[in-house]
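4 protein chains.
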Amino acid sequence: METTREWQIDAVGPDRELTIGERRLEPVSGNKVLVRTEAVSLNFRDRLVMESGMGLPLQFPFVAASDMAGIVEAVGPEVTRFKPGDRVISTFSPDWIDGRGLGDARTPPYKTRGGFYPGVLSQYSVLSEEWYSRAPDTLDAAQASTLPCAGLTAWFALIERGGLKAGDKVVMEGTGGVALFGLQIAKAHGAEVFITSGSGEKLERALALGADHAINRHEGDWVEQLYQLTDGYGADHVLEIVGGPHLGEALRAVAINGRISVIGVLEGFEVSGPAGPLLLKAPVVQGISVGHRRALEDLVRAIDQIGLKPVIDKRYAFDEFPQALDHLYRGPFGKVVVEF
Amino acid sequence: METTREWQIDAVGPDRELTIGERRLEPVSGNKVLVRTEAVSLNFRDRLVMESGMGLPLQFPFVAASDMAGIVEAVGPEVTRFKPGDRVISTFSPDWIDGRGLGDARTPPYKTRGGFYPGVLSQYSVLSEEWYSRAPDTLDAAQASTLPCAGLTAWFALIERGGLKAGDKVVMEGTGGVALFGLQIAKAHGAEVFITSGSGEKLERALALGADHAINRHEGDWVEQLYQLTDGYGADHVLEIVGGPHLGEALRAVAINGRISVIGVLEGFEVSGPAGPLLLKAPVVQGISVGHRRALEDLVRAIDQIGLKPVIDKRYAFDEFPQALDHLYRGPFGKVVVEF
Amino acid sequence: METTREWQIDAVGPDRELTIGERRLEPVSGNKVLVRTEAVSLNFRDRLVMESGMGLPLQFPFVAASDMAGIVEAVGPEVTRFKPGDRVISTFSPDWIDGRGLGDARTPPYKTRGGFYPGVLSQYSVLSEEWYSRAPDTLDAAQASTLPCAGLTAWFALIERGGLKAGDKVVMEGTGGVALFGLQIAKAHGAEVFITSGSGEKLERALALGADHAINRHEGDWVEQLYQLTDGYGADHVLEIVGGPHLGEALRAVAINGRISVIGVLEGFEVSGPAGPLLLKAPVVQGISVGHRRALEDLVRAIDQIGLKPVIDKRYAFDEFPQALDHLYRGPFGKVVVEF
Amino acid sequence: METTREWQIDAVGPDRELTIGERRLEPVSGNKVLVRTEAVSLNFRDRLVMESGMGLPLQFPFVAASDMAGIVEAVGPEVTRFKPGDRVISTFSPDWIDGRGLGDARTPPYKTRGGFYPGVLSQYSVLSEEWYSRAPDTLDAAQASTLPCAGLTAWFALIERGGLKAGDKVVMEGTGGVALFGLQIAKAHGAEVFITSGSGEKLERALALGADHAINRHEGDWVEQLYQLTDGYGADHVLEIVGGPHLGEALRAVAINGRISVIGVLEGFEVSGPAGPLLLKAPVVQGISVGHRRALEDLVRAIDQIGLKPVIDKRYAFDEFPQALDHLYRGPFGKVVVEF
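Chains as they are written, first to last, in full-length UniProt numbering: chain A, 1 to 340; chain B, 1 to 340; chain C, 1 to 340; chain D, 1 to 340.
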């Protein structure tokens, strides 16, 4: 394997051109592994990076996307964690193995795949074995490719940093990739799940997936609906995906000493809300920046144990990447995946 | 003891009249204790309650203030925790003994002294023994009276919910009661303390009290000053006392995976800030609603061990309560206390 | 209701006589509630108390047992948490509501029902409302009566103090009441459960109940079997119920940084084990003394959410209490309950 | 620099010969750094390894000891954390950077310096930059060399895994290296420190170093002395260094819900104690296997902030290593260091 085909852009911007290019692969030396990509899962963030660059020092031609699953085809002489034939998935922040996050206050962590580091839309790559986790045995490649960002974000928020337990009441906002992972992970821990959405049809699908309660945002104040469903108790955990001033709704919804995981920025980059419930109910509001590899490995193990199947709205072929990207704009139910 | 003198108001409002009234005391039965008040410490919140009622179901004539120290003079037959002669301090939320907070999402906890429950500006009171903690042996009554709200707020934020350790970098905003307690508590745990203020003179006093670094808000962006003092690291913990949009500054200042305790509302009841650092640095933002009695008892024990002396800006006599209240408007350095 | 029938003993000892006696009830005043007992669940500890007194200052005639479910029949004027008709369960340590445990190093906590405090084998009792939690809506009285000690012990070990999550590997020793609750609670959180027992028949029943793996102690070193089933990983959590030198087996079985909950003393009151794995694997070994009321309320909420049905080996009538007690000696599969 | 002098042994055993040998250094390539050793601190464990091998796959000639401080003299082209002239200290488990420990239940972690990996008694070494932490600015090389094992063990037990806070009562057993670090770290966090020893002279020195209470084991049951000093409360944290059946004493001494860190094996490799206090007081007993690099970096930062100076009983020259080793047998007060 000397070269790889990959989806590239030459500049960021709303009209950037997507082209399939070719690139030489480096030799498989030291602790490097050659991995053949089988599937790539797209995130809303991939669009933001291609459209704006998000202030990152991108290298051009730039390869987008952070989440993939593939097969180890060859290993360098110092590799100890994998062997040829092993099924692997990428990690979002390759340098963050466990514990405290990287970077500092002035320069927050930004060294992720599909950003500072090249993305995963290549048919092959040669990278350190440390950049991969094993894939679950019970998922196909397309399903496995959804874990590194969307799956881990939900897991990190609810479990690694959330300590969710049976009987807890959890609100997921919407039916995107992170919200549906949140639903499935919370149900696997015995929690009571409330899904909010403006689409009755999507709420039906969420109920079919196991949600306990569907709250239609168009049928009145959703927090009041939550109060009525919980006899005023509120939610032990809110996955706050809407963003912006919607944090205020999460603060109204959260239970005494509950937890809000701030994940999304769909409705704005300035979060805001009333001080009253933040002070009186004394919740924890935690920012979530995906998570570390050890937690991803925990998630992989959990998936094999509980039989969780990620929700894929649609699978596209490698050549259909532009169409897959368009799908992201239409608010998918779960994930959009490109199969190689 | 059949009656008590006390400071009362008959209505809330900016022009409410303060008068000294008399009230009958109930008998010292069951688990009740008769306590003679020696000192009352005032909080900014006491003004808010008297001026606006803060939406609380106050009983008139209303007695304000939440923090006192006194002496047990008599005990009911079921009392086990105290005996006559014991020195005690009040608790802010009398029903919250330990663990999870009270109330629910719809009706956050609000049953505190000097609000839903009568305040402490009475010369005597007869109340359940559960409403008191022992006072530190090493403080006089005026000093001890500062602990139930201001002292416990700083302790709860930094220690009970903050797990502060030696070497941590902590920012205290301003030089009010909570900030100075924060300074002293943080120093007693080996932390590095940064104080922000717009007053050079107050910063000098904070340095004399043990702060490691003084940051003058009028001498340029204080967060940039913090970055320079910490080589970009930021602060492991920020006591966010300013409130409102100032949360955004705290989010800029906080270190990777650091912690912001939201305590104050001096500059607004709507908190806001940029999503970027909240997501990328993944800090915890925790609302603080004072704390429970068990933590107050921990604080009392710590004070006797470390020899912390609360900072009292000025002591007033019982009859001078109106002047003491006025002092609160002028931004005291530490606490304002009324001695009985 | 002026009197109650109850099972009494007049002295401790292996041959103590069990008799049904009558006792006057006190008036339903203050915060007291009159509760009619519907079911009592027995624990191995009840036998220990009746046979040896366990060093406790028992009051004679002594009423044994700590776990019951019943109906509130009348409430005192200060009662706020319950009303007549409410279904309730007892709490094991009535004074321990939340947070830190009671007592001190010299005098550990011992004020439990069926010990320092009278037990629950009475048809009626008049006690503080604080001594009760609501019963789950989804359980009958016999099932609900198994929660206060056996159910809460497993929950407190695995969830409140254990933070169990999906994919974790958990070992339950045996098939007694705590072990089977552990199995059901762990499965409800997505964990992988290993049951050890010397009885093939009981292992079959545990598999039918949802255990992932059955390990027969008579078919070779059970820890070696665990190693083989987990590819050497071991167990994230071991419920160490056997006691005595068996702690050494738990230390061999536990995973890196795993957790061992010491619960039982079936094989001895002196725990022991090798220092090597304790030092090298750095696990947490935590003693479990049942738990507080807040955690019991969490468990009740979880049970209604996940539909957990406690395993009752056999139900006896009130008059058959002696036979029920005998059943405890024969190693029941799950719980033994007396219905009133 | 092409070769290094180092202390070697050719076989393990009580009579193994210590010789100074010479070894070729590998080139300073990749992420490797050349470090010149300035000081090595000895641990009791170093003796155990040289006498018994502790079951480790040692490579001969074997170089002992795990803790050193030195200067970076050259760096490979991929090194990013250090530059020539930087002062560094070694890490005990070079591969454990943060978070969960390495290894598994069957094969606990054992890849430490001076064991599976070569020790530090070499004048030069060429190793990955990941194997080092920066040294504190405020310590000389001999002092800094005491941190990687003894200092970190005390810090990891009390702070990283202990969450110590002001007012907590902490027992340190003896006056060895870990115990004195424990004393100094605990005092820097405002704790109340109790030191036990059989030597009145060593207790005097511990009091001079800041201990609050000295308990002479030869003047009656030390736990009873602790009870009397604490009015029965006991100790929030016990550093259990004696080992073997002495765990039973720690279990008697520990406060309700307190913590015991098992660190030492001076009196036996089989720990044991009564189940009663373990069950009733529900403490955490945690094994401590030194700690990870991130915690060592936290300790280094703390030391510079609080001005902690490690206690060195005696400094030896490089050629005096055998005499330094002999000193370990005589129970040093603090650490024994070899200066290069």
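For glycine and all other residues, C-beta sits at the position ideal for the given N, C-alpha and C. Please read all numbers here as calculations on a predicted model, not as lab measurements.
- Look at G99 of chain A: its C-beta is under 8 angstroms from a C-beta on chain D.
- One Cα belongs to L279 of chain B, the other to P108 of chain B, and the distance between them is close to 27 angstroms.
- As computed with DSSP, R259 of chain B is found in a beta bridge with B:H237 and B:V284.
- Residue-level contact check: K281 of chain A touches chain B, since one or more beta carbons of chain B fall below 8 angstroms from its beta carbon.
- One finds nothing in chain C with a Cβ atom closer than 9 angstroms to the Cβ of R81 of chain B; even the nearest lies about 12 angstroms away.
- At a Cβ-Cβ threshold of 8 angstroms, L183 of chain C and L152 of chain C do not count as neighbours.
- By the criterion of a C-beta distance shorter than 7 angstroms, K202 of chain D is surrounded in its chain by T175 and F333, once the five residues flanking it on both sides are discounted.
- DSSP places H213 of chain D inside the beta strand (DSSP E), whose first and last residues are H213 to N216.
- Identification of residues in the region 282-298 of chain D having a C-beta nearer than 7 angstroms to some C-beta of chain A yields R294, given in sequence order.
- Look at Q305 of chain B: its C-beta is under 8 angstroms from a C-beta on chain D.
- L251 of chain B sits close to G273 of chain B, with the two beta carbons spaced by under 8 angstroms.
- The beta-carbon of L34 of chain B is placed no less than 8 angstroms from the nearest beta-carbon of chain A.
- By the C-beta criterion, the region 231-243 of chain C is judged to be in contact with the region 162-178 of chain C, since at least 3 inter-stretch pairs fall below 8 angstroms.
- Annotation for W155 of chain A: no beta strand (DSSP E) segment contains it, though the alpha helix (DSSP H) segment containing it runs L152 to W155.
- Residue contact with chain A for H189 of chain C: present (Cβ-Cβ distance below 8 angstroms to some residue of chain A).
- Within the model, the alpha-carbon separation for E51 of chain C versus G13 of chain C is close to 4 angstroms.
- With respect to G200 of chain B, N216 of chain B sits close: the two C-beta atoms are nearer than 8 angstroms.
- Across the set B:R315, B:V265, B:V35 and B:G114, the C-alpha of B:R315 shows the shortest separation from the C-alpha of E339 of chain B.
- A contact is defined here as three or more CB-CB pairs under 8 angstroms, and the region 11-26 of chain D fails this definition with respect to the region 302-319 of chain C.
- When the five nearest sequence neighbours on each side are left out, the beta carbons in the same chain lying within less than 8 angstroms of the beta carbon of L247 of chain A are those of E240, I260, V262, V271, S272, G273 and V285, in order along the chain.
- For the pair G232 of chain D and A105 of chain C, the CB atoms are nearer than the 8 angstroms cut-off.
- Residue contact with chain D for R106 of chain C: present (Cβ-Cβ distance below 8 angstroms to some residue of chain D).
- DSSP, read as helix, strand or coil, puts I159 of chain D in helix.
- Residue B:F194 holds the alpha-carbon nearest to the alpha-carbon of E224 of chain B among B:P245, B:G244, B:G243 and B:F194.
- Counting along the chain, W222 of chain A sits inside the alpha helix (DSSP H) bounded by residues W222 to L229.
- Looking at the backbone, the Cα of E2 of chain B and that of A65 of chain B are separated by about 22 angstroms.
- Nearest Cα to P84 of chain B within the set B:K32, B:A282, B:G276 and B:S145: B:K32.
- In this structure T146 of chain D touches S41 of chain D by the C-beta definition: roughly 4 angstroms separates them, less than 8 angstroms.
- At least one C-beta of chain C is nearer than 8 angstroms to the C-beta of E270 of chain D.
- Between V290 of chain D and F156 of chain D, the C-beta spacing is below 8 angstroms.
- Under the 10 Å beta carbon count, D326 of chain D is surrounded by fewer than 16 other beta carbons and is classified as exposed.
- Beta-carbon to beta-carbon, G101 of chain B and I303 of chain A are separated by about 35 angstroms, too far to satisfy the 8 angstroms threshold.
- Setting aside the 5 residues that flank it on each side, E26 of chain A is surrounded in the same chain by V126, each with a C-beta closer than 6 angstroms to its C-beta; the list follows chain order.
- Around the beta carbon of F62 of chain D, 16 or more other beta carbons lie within 10 angstroms, which makes this residue buried.
- Take the alpha-carbon of A141 of chain D and the one of Y124 of chain A: they are about 48 angstroms apart.
- In the three-state DSSP reduction, W7 of chain C falls in the strand class (E or B).
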